[in-house]
Each structure stands twice: as structure tokens, then as C-alpha cells.
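As given, the protein sequences belong to chains A and B, one line each in that order.
Each residue of the first sequence is one higher than the one before, starting from 1 at the first, in the numbering used here.
Each residue of the second sequence is one higher than the one before, starting from 208 at the first, in the numbering used here.
The beta-carbon is built from N, C-alpha and C at its ideal position, and this holds for glycine as well.
For clarity, every value in this text was computed on a predicted model and none was experimentally measured.
2 protein chains.
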Amino acid sequence: MTADGDAPDVRDVFGVMERQRACREFTEEDVSDELVARVLRAATRAPSAENSQPSVFVVVRDAATRAAIGGLMRRAWEGGARRYSEGRLDPALLADVDRGATETLARAPVHVIVGADLDRCLPQTVGSSVFPAIQNLLLAATAVGLGSVLTTLAVTQAGELRRLTGLDERVEIVAVIPLGWPVRPPRPGVRRPLAEVAFRETADHPW
Amino acid sequence: MTADGDAPDVRDVFGVMERQRACREFTEEDVSDELVARVLRAATRAPSAENSQPSVFVVVRDAATRAAIGGLMRRAWEGGARRYSEGRLDPALLADVDRGATETLARAPVHVIVGADLDRCLPQTVGSSVFPAIQNLLLAATAVGLGSVLTTLAVTQAGELRRLTGLDERVEIVAVIPLGWPVRPPRPGVRRPLAEVAFRETADHPW
Numbered sequence: 001m002t003a004d005g006d007a008p009d010v011r012d013v014f015g016v017m018e019r020q021r022a023c024r025e026f027t028e029e030d031v032s033d034e035l036v037a038r039v040l041r042a043a044t045r046a047p048s049a050e051n052s053q054p055s056v057f058v059v060v061r062d063a064a065t066r067a068a069i070g071g072l073m074r075r076a077w078e079g080g081a082r083r084y085s086e087g088r089l090d091p092a093l094l095a096d097v098d099r100g101a102t103e104t105l106a107r108a109p110v111h112v113i114v115g116a117d118l119d120r121c122l123p124q125t126v127g128s129s130v131f132p133a134i135q136n137l138l139l140a141a142t143a144v145g146l147g148s149v150l151t152t153l154a155v156t157q158a159g160e161l162r163r164l165t166g167l168d169e170r171v172e173i174v175a176v177i178p179l180g181w182p183v184r185p186p187r188p189g190v191r192r193p194l195a196e197v198a199f200r201e202t203a204d205h206p207w
Numbered sequence: 208m209t210a211d212g213d214a215p216d217v218r219d220v221f222g223v224m225e226r227q228r229a230c231r232e233f234t235e236e237d238v239s240d241e242l243v244a245r246v247l248r249a250a251t252r253a254p255s256a257e258n259s260q261p262s263v264f265v266v267v268r269d270a271a272t273r274a275a276i277g278g279l280m281r282r283a284w285e286g287g288a289r290r291y292s293e294g295r296l297d298p299a300l301l302a303d304v305d306r307g308a309t310e311t312l313a314r315a316p317v318h319v320i321v322g323a324d325l326d327r328c329l330p331q332t333v334g335s336s337v338f339p340a341i342q343n344l345l346l347a348a349t350a351v352g353l354g355s356v357l358t359t360l361a362v363t364q365a366g367e368l369r370r371l372t373g374l375d376e377r378v379e380i381v382a383v384i385p386l387g388w389p390v391r392p393p394r395p396g397v398r399r400p401l402a403e404v405a406f407r408e409t410a411d412h413p414w
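See the structure below:
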């Protein structure tokens, strides 16, 4: 599907899904408020349990706050997450995540801290009510050319994130999403084929 | 963005997000394998923690299995979920969910049972690794005109769902997604404005 029969339609939903990739290194160029609002609005369109809409978004641009969040990521990574990932991740991805957690993610000009308002949903519906919104946000970012990545590392440091953002105890912190312009085009994504992950009627009949 | 300057581009990612709505009543018309494969492939493109790709999809068309899943939804709904929702949901949504759980959802020609393979991810990363795939599936369904809805009611009856689908104990059951052709166009979605859910720098500065 193309706009003029020639240039590919970069906003086609299937094309955007194919292009979505984790970006962990960003240029210094800023992201306009208009674009941030656009990806946030996309997030708000996602479904939630009982349409409870518990998602809360804090958009951080302040350099000191971003540096502090970067420090939390580094602490979580070096304090245990790296050890868990070593030997499990392929070396290229491990190196990428390692550089991201210790250095490059913090340089994204915008960080979106995503939480769930527990006055609007049960703890057991946080996942089904917030991650669809996060996925809309990431797809919208991809559609407009922004780099983004879903990170949950800093969530282990929720108390510090609350102190930095003013979110209170009734907001469960779910993710931190760095947003910015990618330094380089992403590598192609590697995905398991349908025959490995989908089944007909029962789990013994691969698609 | 339009394909010919006239007809709206129905696959524009932002337009699809605006149109996505829970569908709980389906015609008897079947859904082709080709379309099912298309929405499943879209699901596989979503990000997951460490690219672990733990999502598993069982596509159920068998009438007896669908009726049994419908029975599980009804049991979960009448056994407590309805009581919890009464007085919290607006009456129109409550009536819709009530009819869905007791009657209309089971008539969708396809049910996709979505699980997380715990040999591929930690229990605490199931949400961040599976709901983005589910959201891709729902958006893809919307793009091609299918009705769909993210339900987690039957998950409380995981043992029975395992017996019906052959998924073993190492697969955490996350959702059941009925798919089919909608009986009627959806009502417009109601969403909180950005100024209520988004903040600048800290939670005391609304967007």
C-alpha cells in the first residue's frame, strides 16, 4: 500500500510492526513536544481491563533526572541483571544491552516513565492494562521514525523512581521508555517462525 | 494519509489504533487460515524481554472446545468477577461484558489461547513479553476488519484450559482472544485526555 504508488507507506500498521526494534543509542537531537504528545496519545487509545485506563506517563527531559535514572539502570544491571543475562543472551545483544544500561540509554533526550494507577485497577490487571498502551507508544514512535525501547530494569529501583518523578505509592512503576533519534538504522529483527509458536486446536499440532 | 487521495488508508497505524475496540458479538462467518496467520505473524513481531519470545498461541476452531472455553468464562464471571464489576462499570459496558461472558464470546469462530513459555522467560517478565504481542495481534485484527477482544477471565480456570489445549504446566496461560466478524460497527471509544494521564518532569505538572 503506497501513498503515490511509488514510495512505501511508512505508516502501514503491518510495516510498522515489522520495523519496530529496540533502539539503545540516540543522537543528541531533541524530540518536539508535538511528537511526544502524538506517541502518548497513541498509548491512550489501547485497551485496558474494564476500560479502566490506569496508565500514567511522566515525560522526563531534565538532564539531571535522566542522569539519575541512568544511574538506577546501571545499578540494577551491575547489581544482578547482567549476571543473570550473561551466558543466556547472544554476545551481540548482551554487548548492546550492557552499553545501553551503563551508558547510552541515559543519553536519550526523553524518558517516559510509565506507571499503573492502582486506584483504577487491580494489581493482577496491571499487565493487561498497561503493556498494550506501551506497545502502542512504541509502534507510534517507530511510525514517526523515533527510536525507543521498552526497559523494566529501573523498576527494581521503584522507590528512587518515585522520589525523582513524584509518583506516589498508589502508582506501580511498570517501565522506563527512552525516546530519541536513532544513531543508526536498526539490525533486522530475528523472530521464531509461526510453526514453532502457534498450534491448531491443541499444543501437539504445530501451525 | 490516503492511497489515492480519496479513500482513507484503513491500515495507517494511527487510524488503526483509533479504531481498535473490544468486540463481544460476532457473526457466524468463519475466518480464513490466511487471516489468522496474518494476525499471528503480527503478534510475533512484538518485542519481548531479552528477545526471549515466550508467547505461545493455540488457535481453537473446534465447536466443542469453544463451548467448553465459553463455559469456563461463564463460570469465572458468575463465580465472582461479575460481583466485582457491578457498581464499578458503567451499565452499558457491564451489560455488554455480561452478555459476552455468558453467551456471545463463545460464538466467535476462532479463539486464540495465548500463553507464556516459562522455559523462555522469568515469571516477572511474562507481562512485558506477552502483552505487546497480544496488542499487535489485536491491532492486526482491527486492520483487516476482524473483531477481537482481550479477555483474561478464563485464565482463572487455567487447569481446565490446559486440559482443553494440551498446554503443559510450563506454559502460563495469559489470555483468551475471540476473533471473528463483528455483528455491528463499534461504538466510539472513550478515553481520558492527555492532561489527566501525562505529566512533565514530575507528577504535579500535568501535560
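A/Leu118 is positioned such that its CB atom lies no closer than 8 Å to that of A/Ser148. Note: B/Phe233 is bridge-paired with B/Pro389 in the DSSP secondary-structure output. In terms of Cβ geometry, A/Ile134 and A/Ala175 form a close pair [threshold 8 Å]. Proximity of B/Asp303 to chain A, defined by a Cβ-Cβ separation below 8 Å, is not satisfied.
Segment contact: the region 199-206 of chain A against the region 334-352 of chain B, fewer than three CB-CB distances shorter than 8 Å; contact not assigned.
By the neighbour-count criterion, in which 16 or more other beta carbons inside 10 Å mark a residue as buried, A/Gly127 falls on the buried side.
Around the CB of B/Ala249, 16 or more other CB atoms lie within 10 Å, so the residue is classed as buried. Annotation for A/Thr156: Ala76 place their beta carbon closer than 7 Å to its own, counting only its chain and skipping 5 residues before and after. Contact annotation: B/Ile320 and B/Thr372 have beta-carbon atoms nearer than 8 Å. With contacts defined as CB atoms closer than 8 Å, B/Pro393 and B/Arg218 fail to qualify as a contacting pair.
Classified as buried, A/Ser55 has 16 or more neighbouring CB atoms from the shown chains inside 10 Å of its CB. For chain A, the residues of the region 261-273 of chain B that bring a beta carbon within less than 8 Å of one of its beta carbons are Ser262, Val263, Phe264, Val265, Val266, Val267, Arg268, Asp269, Thr272, in chain order. Within the model, the alpha-carbon separation for A/Gly79 versus B/Leu301 is close to 46 Å. When Cβ-Cβ separations below 8 Å define contact, B/Ile341 makes contact with chain A.
The shortest C-alpha to C-alpha distance from B/Leu279 to any of B/Asp375, B/Met224, B/Gly307 is the one to B/Gly307. Using a Cβ-Cβ cut-off of 8 Å, B/Phe221 counts as an interface residue toward chain A, since at least one Cβ of chain A sits closer than that to its own.
Rounded to whole angstroms, B/Pro413 and B/Ala402 show a C-alpha spacing of 5 Å. For A/Val197, the uninterrupted alpha helix (DSSP H) segment begins and ends at 194-197. Secondary structure at A/Arg120: coil, using DSSP grouped into helix, strand and coil.
Nearest in C-alpha terms to A/Val183, of all of A/Ala108, A/Leu139, A/Ser52, A/Thr151, is A/Ala108.
For A/Ala106, none of the residues of chain B pass the 7 Å Cβ criterion, the least Cβ distance being about 16 Å. Close to B/Pro389, with beta-carbon spacing below 9 Å, lies no residue of chain A; the smallest spacing is near 15 Å. Sequence-distant partners of B/Arg245 (beyond 5 residues in either direction) whose C-beta falls short of 8 Å from its own C-beta, in its chain, are Ala347, Val351. Close partners of A/Ala140 in chain B (Cβ separation under 9 Å): Val220, Phe221, Met224.
Cβ contact annotation for A/Val59 (same chain, cutoff 7 Å, sequence separation greater than five): Val36, Val110, Val112, in chain order. The shortest C-alpha to C-alpha distance from A/Val16 to any of A/Leu137, A/Glu34, A/Phe131 is the one to A/Leu137. A/Trp181 and A/Phe14 have their C-alpha atoms spaced approximately 22 Å apart.
Taking 8 Å as the threshold, the shortest C-beta distance from B/Ala365 to chain A does not fall below it. The shortest C-alpha to C-alpha distance from B/Thr358 to any of B/Asp305, B/Ser259, B/Glu225 is the one to B/Asp305.
For A/Ser55, DSSP records a beta bridge to A/Ala116. For B/Thr311, the secondary structure class from DSSP, reduced to helix, strand or coil, is helix. Sorting B/Ala271, B/Thr311, B/Glu257, B/Ala313 by C-alpha distance to the C-alpha of A/Arg88 places B/Glu257 at the top. What A/Leu194 touches in chain B, judged by beta-carbon distance under 9 Å, is Ala244, Leu247, Arg248, Thr251, Phe264, going in chain order.
For B/Ser355, the secondary structure class from DSSP, reduced to helix, strand or coil, is strand.
A distance below 7 Å between beta-carbons, with the five flanking residues on each side excluded, links A/Pro47 to the following residues of its chain, in chain order: Pro132.
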